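Novice: Following the working numbering, the numbering of the sequence shown begins with 64 at its first residue and continues without gaps. Just so you know, even glycine gets a beta-carbon here, dropped at the ideal spot from N, CA and C. It should be emphasised that the depicted structure is a prediction, and the values quoted were computed from it without experimental measurement.
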Amino acid sequence: MANSLHDQLLKAGLVDEKKVNKAKKAKQRKEKAQRHAKQKPEDEAARLARLAKVRDAERDRQLNREKQEAANRKAITAQIRQLVEMNRLSLEEGEVAYHFSDAGKVQRLFVAEKPHRQLSSGRLAIVKLDNRYEIVPGGVAEKISLRDAACVIVLNKTEGSDDTDDPYADFKVPDDLMW
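1) Pull up the distance between the alpha-carbon of N219 and that of K168, whole angstroms please.
2) For D257, which residues of its own chain have a beta-carbon under 6 Å away from its beta-carbon, when the five flanking residues on both sides are left out?
3) Please report how far the alpha carbon of Q125 lies from the alpha carbon of D119, in whole angstroms.
4) Can you have a look at M64 and say buried or exposed, based on whether 16 or more other CB atoms are within 10 angstroms of its CB?
5) Given this structure, state the Cα-to-Cα distance separating E129 from I143, to the nearest angstrom.
6) Touch check for the segment 182–193 and the segment 129–139: three-plus C-beta pairs under 8 Å?
7) Report yes or no: do the segment 169–180 and the segment 208–215 share at least 3 C-beta pairs separated by less than 8 Å?
8) Taking the straight line between their C-alpha atoms, what separation do you get for G76 and A115?
9) Are the CB atoms of V203 and L154 nearer to each other than 8 Å?
10) Rounded to whole angstroms, what is the Cα-Cα separation between L73 and Q97?
11) Is E121 buried or exposed, if buried means 16 or more other CB atoms sit within 10 Å of its CB?
12) Once you ignore the five residues that flank H99 on each side, which residues in its own chain have a CB closer than 8 Å to its CB?
13) Run through the DSSP bridge pairs and tell me what P200 is partnered with.
14) Please list, in chain order, all residues of the same chain as L182 whose beta carbon is under 6 Å from its beta carbon, the five residues on each side excluded.
15) Which one or two residues does DSSP pair with S164 in a beta bridge?
16) Relative to the alpha-carbon of A152, which residue among E132, K95, H179 has its alpha-carbon at the smallest distance?
17) Along the chain, where does the beta strand (DSSP E) that runs through V78 open and close?
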């Protein structure tokens, strides 16, 4: 049994000497090519390490994206807070209740007569900041709405014609100009 497979096949007469030598030379060439190859075959551990590195890089990118989004949300919240604090109107207790809906519940805010009209006409708006309601001008509410629409609770649309500031409101339109 000390004989190699080649020797056993030769003795059995299944192969001749030329085929045995040809097989030995082919095996030697293959081994030499593997030894002198510039790129060695990648083993399983290296492949797994490369895959782990790719997964870690993707996870790091995802974490960086989440951190960036959190920083953006924080910056937007700070901008909204600054807009509200700089432009809010004082909420002195008024005699007229202004009713509005927030999160499916009807809320009310007591204001004076003039702010009540301005809230109804859209010149003033109600925004929610830190679970408190603040009254701000309509333009500021639009800027806040661009940053976070959920903060603006009430912003009525203004009509194209405003009768209270119309300088020609006192003048009557002649009958022949009416259609």
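Specialist: From the atom records:
1) Within the model, the alpha-carbon separation for N219 versus K168 is close to 18 Å.
2) For residue 257 there is no data in the structure shown, the boundaries of the chain being 64 and 242.
3) C-alpha separation (whole angstroms): 10 Å.
4) In this predicted model, M64 has a pLDDT of only 48, less than 50, meaning its place in the structure is not dependable enough to derive any value.
5) A straight line joining the alpha-carbon of E129 with that of I143 spans about 21 Å.
6) By the Cβ criterion, the segment 182–193 is not in contact with the segment 129–139, since fewer than three pairs of Cβ atoms, one from each stretch, lie closer than 8 Å.
7) Short answer: they don't touch.
8) CA-to-CA, the gap between G76 and A115 works out to about 54 Å.
9) Not a contact, by the Cβ cut-off of 8 Å.
10) Put simply, the backbone Cα of L73 is about 28 Å away from that of Q97.
11) So E121 counts as exposed.
12) Same-chain partners within the cutoff: there are none.
13) P200 is bridged to L187.
14) By the criterion of a C-beta distance shorter than 6 Å, L182 is surrounded in its chain by Y161, once the five residues flanking it on both sides are discounted.
15) Under DSSP, S164 takes part in a beta bridge, and its partners are V169.
16) Per the sequence shown, residue 152 should be read as Leu rather than Ala. Here the closest residue by C-alpha is H179.
17) Careful: V78 lies outside any beta strand (DSSP E) and carries neither H nor E.
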